[in-house]
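Q: I have a structure here, written as structure tokens, and I will follow up with some questions on it.
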């Protein structure tokens, strides 16, 4: 029946070509994608490049980890000076525990330095420096407390003297 209507009036719109009907369009054929290759080495596939980069990175990190540190003689000398300064400030009496710890760590740092263990020597020297600074700070606190107590006692004595009745 549709064919008869289409043959009867060629200019009349046919229901097959209405607005709701879509005519399928052929899609153009895409050429196959070329195989990706590495730009530096065109004969290598691109997927191998990240593996090579990862391997090279790990090699560099391993070599950097194995590289020896320079001996920390300056840090050991600085720790020695800090321990001496704390001893001179009176830390032996006011803060014996941190001072003993600083001395012990300094001796360990010197032994590690002699054994060419730079990483351990550096760690121990830094710890000895911190312990010596702590001992010196605790000594200053103890000295300040003592000075405060002396001033408090002197003030109390003056108040008592002023409070006495005069003859």
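Numbering (the numbering used here), first residue to last: 242 to 408.
We treat Cβ as the ideally placed atom computed from N, Cα and C, and that holds for glycine.
Any chance you could list the alpha helix (DSSP H) runs of at least 4 consecutive residues sitting entirely within the segment 289 to 371, in chain order?
A: Runs found: 290 to 307, 314 to 329, 332 to 335, 337 to 355.
Q: Counting only the same chain and skipping the five closest in sequence on each side, list residues whose C-beta sits under 7 Å from that of residue 324.
A: Contacts found: 343, 344, 347, 369, 373.
Q: When DSSP labels each residue in this structure, what does residue 380 get in the three-state scheme?
A: Note: residue 380 maps to helix in three-state DSSP.
Q: Can you tell me whether DSSP reads residue 400 as helix, strand or coil?
A: DSSP places residue 400 in helix when its eight states are reduced to three.
Q: Whether or not the segment 373 to 384 and the segment 317 to 332 are in contact is what I'm after, with contact meaning three or more pairs of Cβ atoms, one per stretch, closer than 8 Å; do they touch?
A: Counting Cβ pairs under 8 Å, three or more are found: they touch.
Q: Measure the alpha-carbon distance for residue 399 versus residue 321 and round it to whole angstroms.
A: When rounded, the distance between both Cα atoms is 45 Å.
Q: Quick check on DSSP: helix, strand or coil for residue 386?
A: It is helical.
Q: Excluding the 5 residues flanking residue 333 on each side, which residues of the same chain have their C-beta closer than 7 Å to its C-beta?
A: Here the set comprises 340.
Q: Within 10 angstroms of the Cβ of residue 246, are there 16 or more other Cβ atoms? Answer buried if so, exposed if not.
A: Residue placement at residue 246 is flagged as unreliable, the pLDDT there being 49, under the threshold of 50; the coordinate-derived value follows with that caveat. Result: exposed.
Q: Given residue 361, which residues of its chain have a CB within under 7 Å of its CB, disregarding the five upstream and five downstream residues?
A: Taken in chain order, the residues that qualify are 353.
Q: In three-state terms, what does DSSP make of residue 270?
A: In the structure shown, residue 270 sits in coil (DSSP, three-state: anything other than H, G, I, E or B).
Q: Look at the alpha carbon of residue 296 and the alpha carbon of residue 355, and state the distance between them as a whole number of angstroms.
A: When rounded, the distance between both Cα atoms is 36 Å.
Q: Given this structure, state the Cα-to-Cα distance separating residue 387 from residue 405, to the nearest angstrom.
A: Computed Cα separation, rounded: 27 Å.
Q: Using a 10 Å radius around the Cβ and a threshold of 16 neighbouring Cβ atoms, would you call residue 315 buried or exposed?
A: Exposed, by the Cβ-count rule.
Q: Output the distance between the C-alpha atoms of residue 319 and residue 392, rounded to the nearest integer angstrom.
A: One C-alpha to the other measures close to 36 Å.
Q: Could you tell me the alpha carbon to alpha carbon distance between residue 407 and residue 396, rounded to whole angstroms?
A: Approximately 19 Å between the Cα atoms of the pair.
Q: Should residue 385 be labelled buried (16 or more other beta-carbon atoms within 10 Å of its own) or exposed?
A: Answer is exposed; the Cβ neighbour count stays below 16.
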